[in-house]
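Asks: Mind having a look at this structure? Questions to follow.
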Amino acid sequence: MPRFGVNYTPSSGWFHHWLDFDLDAVRADLSSIAELGLDHVRVFPLWPVFQPNRGLVRPQAVDQLVSMVDAAAEFGLDVQVDALQGHLSSFDFYPSWVQTWHRRNIFTDPDVVSGQAFYLRTLLEALRDRPNFLGLTLGNETNLLTESNPLTPQEASHWLESLLAVCDETAPGLPHVHSEYDAVWYEDGHPFLPSHAAGLGAMTTVHSWVFNGTAQRYGPLSVESVHHAEYLVELAKAWGAPNRPVWLQEIGAAQPEISAAEAPEFAERTLENVLTCSNLWGVTWWCSHDVDRSLVDFPEREYELGLLTTERKTKPLGETVARIVALARSSPPAAVARTTSLELTGERSAWGPGGAFFDEWMGLARDGVRAAIEVER
2 MPRFGVNYTP SSGWFHHWLD FDLDAVRADL SSIAELGLDH VRVFPLWPVF
52 QPNRGLVRPQ AVDQLVSMVD AAAEFGLDVQ VDALQGHLSS FDFYPSWVQT
102 WHRRNIFTDP DVVSGQAFYL RTLLEALRDR PNFLGLTLGN ETNLLTESNP
152 LTPQEASHWL ESLLAVCDET APGLPHVHSE YDAVWYEDGH PFLPSHAAGL
202 GAMTTVHSWV FNGTAQRYGP LSVESVHHAE YLVELAKAWG APNRPVWLQE
252 IGAAQPEISA AEAPEFAERT LENVLTCSNL WGVTWWCSHD VDRSLVDFPE
302 REYELGLLTT ERKTKPLGET VARIVALARS SPPAAVARTT SLELTGERSA
352 WGPGGAFFDE WMGLARDGVR AAIEVER
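Going by this note's numbering, the first residue of the sequence shown is number 2, and it counts up by one from there.
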């Protein structure tokens, strides 16, 4: 039975809430999430707030994170923590010790990576004994930072392997993972590879966003859009070892590509399709609460992604997701036997929206065929 959760976006202050941390407000947010029937949250410390100096991880910030995890337990929610943010909703957050006069590559500089290891170790030592702690993601979509921090695939391997080893050594037995946006699957020449995504860490994580050209090219409720998450999970499975879990770590209905009126249908059809996949660890919707419009300079699509409003009121999208989750719990969906298989062909650009392989797989989906994907080893 897959897990169902949400990426926690605080209802007040967005992720800047770490600067004015209010545990009562966090509890109220978590209560509203639990009322939707969800079982876990993914949370996002801001790296420069938690580690303002390479040798300092602020004890107060760590204590606040621990109190958030404990508060989640009060509402029956498990917690997965992303550490190196890094990138969130079009904004990049870097500590001063890797910028301007101290500019260093966050993936390849040995001192920076040593500082990151210290940060991860500090978080894990504080969290590892919490019974509702689900482990760390190294950072949110860290491959979005490669343009300003160039690296080779070999250097990406070294960075991922080094920091995942720190996680496994400090908090063994927990499902520590890493995450990339879909360039890892769809962009030729990208330094983070499908073999990284599907071969390192306890699970493969995928982030399904149809504003990547899918909704624009094919339509918001097209076969391609509502099967995109399913396709991405199957693509990830093809690259991984047999029975390796895949976590749909982000899925959302972003405006204007998907209107508020279309969002409930998009969610229902997308979840119905992805729940046919075997080895699906869980689905974590983006996101819990809308972003207050008093916060400026966000792309328009970031403001109303929530299942709940900034006043913690459930939106029609939230009602739909809650209903689907309740139905899945009462009548657990069975994975579909995929008797048709397509061999993956072409470069990565062929696998994404508009690509030949993508269109071939989606053509079968349009005919009602749920195809597996095979990678020649």
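Glycine included, C-beta positions come from ideal geometry on N, C-alpha and C. Fair warning: this is a prediction, and the values are worked out from it, not measured in the lab.
For the beta strand (DSSP E) that contains D298, what are its first and last residues?
Replies: Neither: D298 is in no beta strand (DSSP E) and is coded neither H nor E.
Asks: So is P257 buried or exposed if we call it buried at 16+ other beta carbons inside 10 Å?
Replies: exposed
Asks: Please return the same chain residues whose Cβ sits closer than 7 Å to the Cβ of A72, not counting the five positions on each side in sequence.
Replies: L24, V27, R28 and L31
Asks: Less than 8 Å separating the beta-carbons of T1 and A268?
Replies: Examination of residue 1 is not possible in this model, given that the chain is present from 2 through 378 alone.
Asks: Report the three-state DSSP secondary structure of S223 (helix, strand or coil).
Replies: coil
Asks: Where does the unbroken alpha helix (DSSP H) through L343 begin, and where does it stop?
Replies: Segment S342 to E344 is the beta strand (DSSP E) holding L343; no alpha helix (DSSP H) there.
Asks: Would you call the CB atoms of P116 and R55 closer than 8 Å?
Replies: A quick correction: the sequence has Gly, not Pro, at residue 116. In this structure, R55 lies closer than 8 Å to G116 by Cβ.
Asks: I need the DSSP call for H45, collapsed to helix, strand or coil.
Replies: Sequence check: residue 45 is Phe here, not His. Coil at F45, not helix or strand.
Asks: On the criterion of 16 or more Cβ atoms from any shown chain inside 10 Å, does V297 qualify as buried, or is it exposed?
Replies: exposed
Asks: Would you mind sorting V370 into buried or exposed? The rule is 16 or more other CB atoms within 10 Å of its CB.
Replies: exposed
Asks: According to the Cβ coordinates, are R131 and V224 closer than 8 Å?
Replies: no
Asks: If you follow the alpha helix (DSSP H) that S196 is part of, which residue opens it and which one closes it?
Replies: P195 to G200
Asks: For a quick check, are the C-beta atoms of H179 and L161 less than 8 Å apart?
Replies: yes
Asks: Give, in chain order, every unbroken run of the beta strand (DSSP E) that is at least 3 residues long and sits entirely within the region 103-164.
Replies: 134-138
Asks: To test your reading of the DSSP string, which unbroken alpha helix (DSSP H) runs of 4 or more residues are found completely within the region 254-283?
Replies: 264-275
Asks: Since E36 sits in a beta bridge, which residues does DSSP pair it with?
Replies: Beta-bridge pairing links E36 to no other residue.
Asks: What are the residues that DSSP puts in a beta bridge with Q81?
Replies: Q81 is bridged to R43.
Asks: Check for me: the alpha helix (DSSP H) holding Q250 runs from which residue to which?
Replies: Run containing Q250: none in the alpha helix (DSSP H); it sits in the beta strand (DSSP E), V247 to I252.
Asks: Use the C-beta contact count for Q81: other C-beta atoms within 10 angstroms, 16 or more gives buried, fewer gives exposed.
Replies: buried
Asks: Spatial neighbours of P333 within its chain, please: C-beta separation below 8 Å, excluding the five flanking residues on both sides.
Replies: M2
Asks: Where I34 and L125 are concerned, what is the direct C-alpha to C-alpha distance, given to the nearest angstrom?
Replies: Near 25 Å, if we compare the C-alpha coordinates of L125 and I34.
Asks: Shortest alpha-carbon distance to R378 belongs to which of S12, V234 and A242?
Replies: A242
Asks: Quick check on this structure: which residue in H88, V42, A262 and Q52 has the alpha carbon closest to the alpha carbon of E75?
Replies: V42
Asks: Thinking W352 and L236 are a contact (beta carbons under 8 Å), I'd like their distance in whole angstroms, please.
Replies: 7 Å
Asks: Is the separation between the beta-carbon of A372 and that of G38 shorter than 8 Å?
Replies: no
Asks: Tell me the rounded alpha-carbon separation between L85 and F51.
Replies: Distance from the CA atom of L85 to the CA atom of F51, rounded to whole angstroms, is 10 Å.
Asks: To the nearest angstrom, how far is the alpha carbon of T10 from that of H290?
Replies: 6 Å
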